Structure formats: C-alpha cells, structure tokens
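From first to last, the protein sequence lines stand for chains A and B.
To get our numbering, take the position in the first sequence, counting from 1, and add 2.
To get our numbering, take the position in the second sequence, counting from 1, and add 21.
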Amino acid sequence: MSPRLRTFAGFGITALLLFAVAPLVLGDFRLGLLAKYLCFAIVAVGIGLAWGRGGMLALGQGVFFGLGGYAMAMHLKLADAGPGELPDFMTLYGQLDALPWWWAPFANPVFALLATVLLPMLVALLLGLLIFRRRVRGAYFAILSQALAAAFAILLIGQQGTTGGTNGLTDIQGFFGYDLNDPVNRRMIYFIIATALLLMLLAAWQLMRSRYGELLVAVRDAEERVRFLGYDPANVKLVAYVVAAGMAGLAGALFVPAVGIISPALIGVVPSIEFVIGVAVGGRASLAGPAIGAIAVAWAKTALSERVPSAWTYFEGLLFVLPIVFLPGGIASLVRLRRRRTAEAPAAPALEKVPS
Amino acid sequence: MTGLSVRDLRVVFDGFVALDGVDLEVPEGDVRFVIGPNGAGKTTMIDAITGLVKATGHVGFDGQDLLGRKVHRIARLGIGRTFQTAAVFEELTVLQNLDIAAGWGRRAVSLLRARRGVPPEVGKALETVRLSAVRDQPAGTLAHGQKQWLEIGMLLVQDARLLLLDEPVAGMSHDERDATGELLGVLSRDRTVLVIEHDMDFLRRYARTVTVMHAGKVLSEGSVAEVQADPRVQEVYLGRGAS
Ligand SMILES: Nc1ncnc2c1ncn2[C@@H]1O[C@H](COP(=O)(O)OP(=O)(O)OP(=O)(O)O)[C@@H](O)[C@H]1O
Ligand SMILES: [Mg+2]
C-alpha cells in the first residue's frame with residue numbers, strides 16, 4: 003500500500019470504528035465513557051504535535067483543557083439557570099447578588115463557543131511568546147508547564163464563589179437546549195466528540211505532512227541550526243504550541259457535556275501528566291499513536307481502579323517509565339516494525355520516526 | 022565597496038580574548054581561505070559574523086551592518102555558513118533538508134501545504150552538490166563528505182551571497198576534496214566565499230587569496246605565494262613541515 007492509500011484507509015477504519023462499531027457494540031454507559039476518553043484523545047493529538055514533532059514536553063495541557071472546559075461550563079450553567087438568574091452554586095457559596103462581570107459574556111452562546119478554543123489559544127500565544135523568545139526549553143519548559151497547571155488549579159480553588167472552588171462547575175443539565183439526562187442526546191454528544199476527534203486528526207495529519215511539519219521536526223532536532231537558515235524557531239514552535247492548546251481547549255469544552263462536570267481536579271498537575279502518559283504510551287511522534295495511547299490509558303485507568311483503586315497510581319508510574327525505557331516509539335512503533343518487516347522497500351519513513 | 026568587510030572585530034569569552042581586533046576585507050567574488058593554528062579564532066570569527074557570539078567592532082556586507090542583529094536576521098541578509106562538524110537535519114531526507122533551507126521567505130499558506138515534487142532551485146542544488154541519487158535518504162545516513170555537500174547545497178538554495186565554510190573538506194577522501202574544490206570555483210561565480218581550512222595542499226590548489234590568523238589576530242594576508250613567503254607565517258604555521 004502506498005503511504006497515501008494507507009492514510010486514507012486509516013481514516014476510513016477510524017471513522018467506521020467511531021461511528022458504526024462503537025455505538026452498536028457499546029451500551030449507553032460504556033459509550034459515555036468512550037466519549038470521555040475521546041476527549042482525552044483530542045488533547046493527545048495536540049500533545050503529539052507539540053511534543054512528538056515539536057519537542058516541547060507540554061506537561062501543562064490541563065490549563066488549556068480547563069480554559070475550554072470552564073468556558074463551556076460557564077455558558078451551560080448560565081443557560082441552565084435561565085435568563086437573569088445566577089447559577090445555583092453562586093447563591094449557595096458566594097452569596098452574590100449579581101453576576102461577576104467576567105461571567106456575563108459567556109451567556110452568549112457564540113462568544114462562549116469561540117472562547118472555548120480561542121481563549122486557550124490566546125493564552126498559549128502569550129505564554130509561548132514569553133517562553134520561546136527567552137529560549138526556555140527542555141526540562142525547564144516541562145517544569146514551567148507543570149507549575150502553570152498547578153497555579154491555575156489553585157487559582158480556581160481559591161475563588162469558590164465565582165468558580166465553584168474545589169467542586170468546580172457541576173450538575174450540568176442541558177446542552178444548547180438538549181437535555182443531557184436523555185440517553186439519545188448523550189449519544190449525540192458522543193457523535194459530536196467523535197467527529198471532533200476525526201477532524202483534529204485530519205488537521206494534525208495535514209500539519210505533519212506539510213512543509214511546516216518538516217520544519218517543526220527540524221526545529222525539534224536542531225533548533226539552533228534553523229536560525230542560520232533564516233528562521234526564528236520561536237515562531238515555529240509557537241504555532242504548534244498554540245494549535246495544541248486549541249485542541250486541548252476544544253477537548254475540555256466537549257468533556258463538559260459528556261461528563262457533566264469540570265473541576266480543578268480534572269485539569270491540574272495530575273491530569274496534565276496523565277495526558278502526556280497516554281501520548282508516550284501510544285507513540286508521541288506518530289499521528290494516531292497519541293490518540294490510541296490516550297484512550298488505552300484512560301480505559302486502563304477505569305478498568306483498574308474499578309477493581310483495585312490503589313493500584314492505579316503505581317501502574318501509571320510504570321506506564322510512564324516502561325515505554326520511555328523499552329519502547330520509545332510507543333505502540334505506534336510496533337506497527338511500524340511489522341510494516342518494515344513486510345515491506346521490501348521502506349517508503350521514506352523519516353517523518354514517522356521518533357527521536358531516541 | 023561590496024563584499025565582506027570586518028574591522029576591529031573583538032570577541033571576549035569570560036575574560037579570554039578569542040578575537041583581538043581582526044580586520045578583513047573580502048571583495049565580492051573572491052575565494053578567500055582563512056588558515057591558522059588550532060585556537061587561532063577562525064571559527065569564532067565566523068560565529069561573530071553570523072551573530073552566534075557577541076562581538077564588538079564592525080562587520081559589513083553589501084552595505085549592511087551585521088553586528089548586533091539576530092542570527093536569523095543575518096541569515097536573511099544573504100549570509101550562509103556551514104559548521105566544522107556537519108550540521109544537517111538527520112531525520113529528514115536530503116530533499117527535505119534542502120527544501121527547508123530554501124524556505125524562510127515562504128508564506129504561511131505555502132508552509133501549510135505539503136511539498137509537491139522538487140522545487141526548481143532545490144533540483145539544481147541537488148545536481149550541483151551531486152546528491153540527486155540520494156535525495157530521498159535521511160540525511161543521517163549520508164557519508165561524512167556528503168553531509169558537507171548537503172550543507173553547501175543548503176547554502177545554495179538559501180540563496181546566500183556570502184558563504185562561510187568551516188573546514189568543508191575535513192575528513193573527505195581525495196576525490197571528494199577535488200570535487201569540493203571545483204565546487205568552490207562554481208560557487209564563487211556569483212558569490213563571495215570564505216573557507217576555513219587546514220589542508221595546505223587543498224589551499225594551494227583552490228585559494229585565490231589567503232588570510233592567516235594567529236592568536237585572535239590577522240598575521241598575514243595575500244596570495245598563496247605571498248603568504249607562504251612570509252617568515253612570520255612560516256614561524257607559526259607553515260613552518261610545521263607543511264610546505
Ligand atoms: N564558547 C566559548 N567559550 C569559551 N572559549 C571559547 C569558546 N569558543 C571558542 N573558545 C576559545 O576561543 C579560541 C578560538 O577558538 P576557535 O574555535 O575560533 O579556534 P579555531 O581557529 O577555529 O580552531 P580550530 O582550528 O581548532 O577549529 C580557542 O582558544 C577556544 O578555546
Ligand atoms: Mg574552528
């Protein structure tokens with residue numbers, strides 16, 4: 003199969019699995035779980051781009067996931083409350099008489115929807131300008147990302163009256179007029195999320211095969227060298243970082259109707275690390291690897307913590323370490339190994355390779 | 022004048038004076054060789070011209086001041102360099118390496134599309150540096166000499182008008198050296214070339230003019246014969262059994 007044909011076949015099979023097989027095979031509860039996993043997969047696609055192709059170990063994607071999630075949840079809470087009313091938790095904890103000014107625009111559905119993606123992208127742009135211009139990279143970048151995730155969660159917890167604090171924004175009932183308690187509508191949410199994932203995979207695929215994608219790999223492998231060719235690597239990295247943030251924001255926004263809640267515990271340090279673990283397990287530099295890894299890890303987490311809750315933490319640690327030591331290319335590299343053995347002439351896999 | 026003009030260039034690393042007031046004029050179209058013992062400051066001079074290390078003094082090319090600009094801005098003015106140890110993008114193919122080198126001026130739309138075919142300037146450079154046959158191989162699999170050529174090819178598509186080559190024939194076989202030497206002649210037709218080199222045999226055959234550096238200063242300058250006849254040069258450099 004030519005690489006082109008293989009890609010199209012890959013997308014076809016993915017679509018078939020997501021839109022036909024999964025809804026047929028899985029019951030409502032399992033499909034709801036899968037919808038949640040697919041949100042993580044969307045985040046993972048972005049991390050694959052930023053980390054796998056761009057070398058930026060984005061350990062703070064929870065921030066962008068959270069921004070998207072809160073933007074969506076704020077709108078849905080306002081819609082649930084009805085025009086002119088305050089969301090329930092505000093009157094409970096905050097003793098507020100009026101809506102805080104920064105909540106007001108989220109009553110507008112168009113604003114809220116745009117904000118779920120554009121707000122994280124804007125924040126990533128500003129952060130990225132500071133970080134990459136100053137040549138912060140490698141472990142320093144990862145640590146900084148972590149610190150941001152921690153700071154964001156702490157900030158949210160501290161503002162209980164306006165953000166719901168530790169509880170977050172919970173108990174979301176409707177989604178643009180659709181009742182989320184109705185299983186039919188929950189299936190619809192699943193299909194929306196599956197479509198979003200497919201679109202993000204397509205976007206990542208186009209970015210990776212484009213000239214920009216080649217340049218990004220060049221920057222990852224020899225950041226200083228590209229300067230002598232007239233490029234500013236800060237800008238090259240910025241694009242991938244901002245796109246990844248947008249994907250995380252979209253995922254956060256879709257997570258809210260799928261799960262009915264967004265809270266600091268879902269976006270802080272630990273979830274940020276879990277996003278990356280999925281990507282490492284799946285294979286960070288491949289297209290489908292991060293998404294598959296994210297789904298696999300999230301599924302394993304549910305399955306394992308249903309049975310032995312305490313074991314998950316250790317298992318997670320292993321998951322992080324094992325692929326890095328024994329399988330740096332992740333699950334995706336297993337497929338490639340097999341492919342290389344079967345193909346007589348390997349078809350220029352440079353872009354699919356993983357840095358060791 | 023056009024060409025490269027360096028005046029009173031000084032570079033200090035933590036108190037260590039690596040370049041101590043270097044003056045250098047390389048007229049357009051010249052093939053200038055820079056020689057000098059290890060640690061003379063040859064690489065440091067290229068580093069300073071290309072903006073990699075901080076320097077004081079004056080560096081001009083085609084009427085533009087270079088000092089104080091960022092590395093990528095200097096590159097955009099048409100100054101290209103290679104590195105003492107070949108620096109190519111190992112995971113990318115030869116073609117991808119060249120395509121990237123050709124691309125800083127590309128617009129966003131063209132960056133977001135996949136490359137179709139071989140851009141004409143890239144095809145030409147592949148021919149010139151004799152890498153057409155391996156264009157789809159990852160650059161990391163190339164032989165050492167081929168990597169050096171790839172770097173030179175990258176300068177060609179980058180459309181650099183000043184080429185700064187840091188020991189381009191180091192580690193090359195005899196035939197590869199000859200090919201590289203001829204390449205220098207081709208390059209200099211519409212470009213200014215500055216080559217750092219240790220190989221005296223290579224220098225005698227392909228240099229038009231020579232600058233000898235020693236301890237961060239220019240020691241001597243002139244044609245190959247003039248430089249070789251200079252007793253100070255013989256003392257610090259050529260005297261070491263290289264004539
Ligand atoms: N980044 C740096 N920090 C400190 N000292 C440096 C640095 N770069 C170079 N030097 C010193 O400056 C001096 C000149 O080095 P340079 O690399 O320019 O020499 P060179 O003429 O290119 O030598 P060679 O022929 O070995 O390549 C050397 O003594 C070197 O140790
Ligand atoms: Mg040197």
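Every residue, glycine too, gets a C-beta built ideally from N, C-alpha and C.
Every value quoted in this text rests on a predicted model; they were computed, and no experiment measured them.
Extent of the continuous beta strand (DSSP E) to which residue i belongs
i, result
"T232(B)", "230-235"
"D29(B)", "25-34"
"G101(B)", "100-102"
"I240(B)", "Per the sequence presented here, residue 240(B) reads as Leu, with Ile not at that position. Note, L240(B): beta strand (DSSP E), 238-243."
"R53(B)", "52-56"
"E46(B)", "37-47"
"L176(B)", "Premise fails: L176(B) lies in the alpha helix (DSSP H), 165-178, not in any beta strand (DSSP E)."
"H79(B)", "77-82"
"V216(B)", "213-217"
Interface partners of residue i on chain A, CB under 9 Å
i, result
"E142(B)", "What E142(B) touches in chain A: nothing, since even the nearest Cβ is about 14 Å away."
"V139(B)", "In chain order: nothing, as chain A lies at least about 13 Å away."
"A96(B)", "R229, F230, L231, G232, Y233"
"R102(B)", "F230"
Neighbour list for residue i in chain A, Cβ cutoff strictly below 7 Å
i, result
"E111(B)", "D223"
"H93(B)", "R229, G232, Y233, D234"
"R136(B)", "R213"
Contact test: residue i Cβ vs ligand 2 heavy atom, cutoff 7 Å
i, result
"D83(B)", "no"
"T71(B)", "no"
"L63(B)", "The sequence given here places Lys at residue 63(B); Leu does not occur at that position. Within the cutoff, so yes."
"D196(B)", "no"
"I217(B)", "yes"
"D187(B)", "yes"
Neighbour list for residue i in chain A, Cβ cutoff strictly below 8 Å
i, result
"L133(B)", "Q208, L209, S212, R213, Y214"
"M175(B)", "L231"
"Q179(B)", "L231, G232"
"W125(B)", "L231, G232, Y233"
"T71(B)", "F230"
Residue i: contacting residues in chain B (beta-carbon distance under 9 Å)
i, result
"A220(A)", "F110, E112, L113, Q117, N118, I121"
Residue i: CB within 7 Å of a non-hydrogen atom of ligand 1
i, result
"A277(B)", "Past the boundaries of the shown model lies residue 277(B); chain B is included only from 22 to 264, so the question cannot be answered."
"Q105(B)", "yes"
"G60(B)", "yes"
"F34(B)", "yes"
"G57(B)", "yes"
Element boundaries [alpha helix (DSSP H), containing residue i]
i, result
"L127(A)", "111-135"
"L68(B)", "The sequence given here places Asp at residue 68(B); Leu does not occur at that position. 63-70 is the span of the alpha helix (DSSP H), which, as asked, contains D68(B)."
"L69(A)", "63-83"
"D30(A)", "30-49"
"L183(B)", "No alpha helix (DSSP H) contains L183(B), which is instead part of the beta strand (DSSP E) from 183-187."
"Y142(A)", "140-160"
"Q208(A)", "185-211"
"A52(A)", "It is not in any alpha helix (DSSP H) - A52(A) carries neither H nor E in the DSSP assignment."
"I15(A)", "5-18"
"D199(B)", "195-208"
"L147(B)", "141-149"
"A24(A)", "24-27"
Proximal chain B residues relative to residue i, where beta-carbon distance stays under 8 Å
i, result
"L200(A)", "In chain order: nothing, as chain B lies at least about 19 Å away."
"L217(A)", "I121, G124, L132"
Any non-hydrogen atom of ligand 4 closer than 7 Å to residue i Cβ
i, result
"F154(A)", "Judged by which ligands are present, ligand 4 is missing from the structure shown, whose ligands are ligand 1 and ligand 2."
Min CB distance residue i to chain C below 8 Å
i, result
"A205(A)", "Given the protein chain composition of this structure (A and B), no chain C is represented."
- Message: Could you tell me which whole beta strand (DSSP E) segments of length 3 or greater appear in the stretch 86-137 of chain B?
- Response: Here the runs fully enclosed are 100-102.
- Message: Which complete alpha helix (DSSP H) runs does the stretch 278-346 of chain A hold, if anything under 4 residues is left out?
- Response: The stretch 278-346 of chain A contains these whole alpha helix (DSSP H) runs: 291-309, 313-328, 332-344.
- Task: Note down, one range per segment and in chain order, each beta strand (DSSP E) of at least 3 residues found wholly within the stretch 220-281 of chain A.
- Result: Counting only runs of 3 or more, we get nothing.
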